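**Student:** Quick note, the sequence shown lines up with residues 9 to 429 if you use our numbering. Here a beta-carbon is modelled for each residue, glycine too, at the ideal position from N, C-alpha and C. Since the model is a prediction, treat every value here as computed from it, not as a measurement.
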Amino acid sequence: MKKIFLLVIFGVVSLAWGSAAFVVNSNSQTLSKIDVETGVVDNAFAVIGLYANRVVVDDDFAYVVNSGDNAIQKINLETGGTVANIAMPAYSNPYDMIIENGFGYVTGLFSASVSKINLATDEVVASVTVESSPEGMAIANGNLYVANTNLVWPNYGQGTISVVNLATFEVTTTINVEMNPQAMVVVDDKIHVVCTGDYDVNIGKVCVIDVTSNTVENTLEIGGTPANITLAPNGNVYLGDGMGMGVYAYHSETLEITHSAENMFAVGGASIATTEDKIAVVDAGDWVSNSMVRIYAMNEEFITEYEVAVGAVHIAFDTENSSTDNYALEVMNYKLNNYPNPFNPSTTISFSLTTNLHEKARIEIFNIKGQKVKTLSNLQITNSTNQQIIWNANNFASGVYFYKLVVDDKTVDTKKMILLK
């Protein structure tokens, strides 16, 4: 009997540019997982919280910053299950997160503070006060650099960077920068700070800080409204537009602008991530339809694109682990289908497979936005019998739905069905 290895979610070989990408879909409240080896997208890899802002991948976990829930959601990278919801200080509205040496640092947009989390115990162990409306962070030279927008609606105050000594967790100095600093990236012994401006007359700029003297040594006028910043291995710096209009770019050494507001690279720009040889650009579109993630080579040539869920705001690669997490689901002669399709109001989902695993099985059903709407559990795995289960969708709206077979918490396959009423 011929064997095959299903690589729907878990591949066998890790690619040089990262095995998986995770995308925060803020409107759909899901975390998408893109298997970059197979090209398969799981738009319901995990259900996340309200107004999610960021995802940070570290070791075996993804940490999602849920601003509306005032919490950091810790997610198992293999199963998509929630391990913990780490409560942040009341009314702090967590905005961004960065990880260093077993600790997570989280800015509180409404609390003018940074919280320190022990990731081994999932507890907040310290807090430091910075200036008003802190957002992005960077770590260099033993210090945590925190971007303070000093927004008092509707006006932006003096943009500043609080420098926090990581050993003492105290602010040691404050650096004045341009208006509305939102994000930073470390380039050798410099920190490049993207300052968005006021989305009106004050244009976007980048301030270059020398981390030895903690002073601004250069200011680069980008134009437009750049809001996020990413360094590519070839030395190019990419900035996503805060209004999703496109991507700006300049070279980190020469500071020569290669893509300005007049000749932007790509479309979208809600978030940008790079690996050794690829650039990923998130395009949230109209925030009602599904978002897109487009992949480019380092020479900026388009390679491929992936459709994720609604309101994609951030992307991060898992470059440390293989897409199987050292484990592949071995399957022989599997089948998964439903009949009738289209259907109204019920359909029979059938499956059969022979696998080296047979402890637990379930069918999970998701809507077009990637939100899980139903779980059909307690299914039995046998090596010869076709299993059937009926889904009655009488209380569900017409539309496209996806169902996936999960065995021992590993996805076997995902199929599409249409409910027509």
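1) Take asparagine 173 as the anchor and find which of Thr137, Trp161 and Leu159 has the nearest alpha-carbon.
2) What three-state label does DSSP hand aspartate 333 in the structure shown?
3) Quick check on the DSSP output: the beta strand (DSSP E) that includes asparagine 375 runs from which residue to which?
4) Buried or exposed: which applies to alanine 81, given that a residue is buried once 16 or more other Cβ atoms fall within 10 Å of its Cβ?
5) Can you name, in chain order, every residue of its own chain whose Cβ lies under 7 Å from the Cβ of asparagine 345, other than the five neighbours on each side?
6) Lysine 429 lies in the beta strand (DSSP E); which residues open and close that run?
7) Do you know how far the Cα of methionine 306 is from the Cα of tyrosine 256?
8) In terms of residue numbering, what span does the beta strand (DSSP E) encompassing alanine 28 cover?
9) Bridge partners of glutamine 81, per DSSP?
10) Taking the alpha carbon of threonine 204 as the reference point, which residue from Thr262, Gly232 and Ala281 has its own alpha carbon closest?
11) Measure the Cβ-Cβ separation of phenylalanine 351 and lysine 412 and say whether it is below 9 Å.
12) Which term fits threonine 283, buried or exposed, when burial requires 16 or more other beta carbons within 10 angstroms of its beta carbon?
13) For a test of the three-state rule: what should DSSP assign to tryptophan 161, helix, strand or coil?
14) Looking only at its chain, what residues have a beta carbon closer than 8 Å to the beta carbon of tyrosine 99, apart from the 5 residues adjacent to it on each side?
15) Rounded to a whole number of angstroms, what is the C-alpha to C-alpha distance between isoleucine 42 and tyrosine 304?
16) Is the CB-CB distance between isoleucine 237 and alanine 191 below 9 Å?
17) List the residues that DSSP assigns as beta-bridge partners of asparagine 298.
18) Taking the beta strand (DSSP E) that valine 245 falls in, what are its first and last residues?
19) For proline 189 and alanine 155, which I take to be in contact (beta-carbon distance under 8 Å), what is that distance rounded to the nearest angstrom?
20) Taking only three categories from DSSP, how would you classify methionine 340?
21) Could you tell me the boundaries of the beta strand (DSSP E) in which tyrosine 411 lies?
**Tutor:** Working from what's here:
1) The residue given as residue 173 occupies position 165 in the sequence shown. The candidate whose alpha carbon is nearest that of asparagine 173 is Thr137.
2) In the sequence shown, residue 333 corresponds to position 325, counting from 1. At aspartate 333, the pLDDT of 38 sits below 50, so the modelled position is not reliable; the number obtained from the coordinates is stated separately. Three-state result, aspartate 333: coil.
3) In the sequence shown, counting from the first residue as 1, residue 375 sits at position 367. That run of the beta strand (DSSP E) goes 369–375.
4) Taking the first residue of the sequence shown as position 1, residue 81 is located at position 73. In the sequence as displayed, the identity of residue 81 is glutamine instead of alanine. Burial call: buried.
5) To locate residue 345, count along the sequence shown from 1; it is residue 337. Only Ser358 and Lys423 meet the Cβ criterion.
6) Taking the first residue of the sequence shown as 1, we reach residue 429 at position 421. Where lysine 429 is concerned, there is no enclosing beta strand (DSSP E), given that its DSSP letter is neither H nor E.
7) Working through the sequence shown from its first residue, we reach residue 256 at position 248. Working through the sequence shown from its first residue, we reach residue 306 at position 298. Roughly 15 Å between the two C-alpha positions.
8) Here residue 28 is taken as the residue at index 20 of the sequence shown, counted from 1. From DSSP, the beta strand (DSSP E) with alanine 28 extends over 28–33.
9) For this step, residue 81 is matched to residue 73 along the sequence shown. Paired residue(s): Val72 and Asn93.
10) Translated into positions along the sequence shown, residue 204 becomes position 196. Taking only the C-alpha atoms, the option nearest threonine 204 is Gly232.
11) Counting from one through the sequence shown, the residue named residue 351 turns up at place 343. Counting from one through the sequence shown, the residue named residue 412 turns up at place 404. Going by C-beta atoms, phenylalanine 351 is not nearer than 9 Å to lysine 412.
12) As a position in the sequence shown, residue 283 is number 275, starting the count at 1. Buried, since its Cβ has 16 or more Cβ neighbours within 10 Å.
13) Indexing the sequence shown from 1 puts residue 161 at position 153. Reduced to three states, the DSSP call for tryptophan 161 is coil.
14) The count along the sequence shown starts at 1 and reaches residue 99 at position 91. The answer, listed in chain order, is Asn78, Phe118 and Ser119.
15) For this step, residue 42 is matched to residue 34 along the sequence shown. For this step, residue 304 is matched to residue 296 along the sequence shown. If I take the Cα positions, the gap works out to 15 Å.
16) By one-based count along the sequence shown, residue 237 stands at place 229. By one-based count along the sequence shown, residue 191 stands at place 183. The answer is yes: Cβ separation under 9 Å.
17) For the purposes of this step, residue 298 is taken as residue 290 along the sequence shown, with counting starting at 1. According to DSSP, asparagine 298 bridges with Val318.
18) The residue labelled residue 245 in the question sits at position 237 within the sequence shown. Where valine 245 is concerned, the enclosing beta strand (DSSP E) stretches over 244–249.
19) As a position in the sequence shown, residue 189 is number 181, starting the count at 1. As a position in the sequence shown, residue 155 is number 147, starting the count at 1. The beta-carbon distance between proline 189 and alanine 155, rounded to whole angstroms, is 4 Å. This is short enough to meet the 8 Å contact definition.
20) Taking the sequence shown and counting its residues from 1, the one referred to as residue 340 is at position 332. With a pLDDT of 49 at methionine 340, under the threshold of 50, the modelled position of that residue is not reliable, and the figure given next carries that caveat. Correct three-state label for methionine 340: strand.
21) The residue given as residue 411 occupies position 403 in the sequence shown. For tyrosine 411, the enclosing beta strand (DSSP E) covers residues 407–415.
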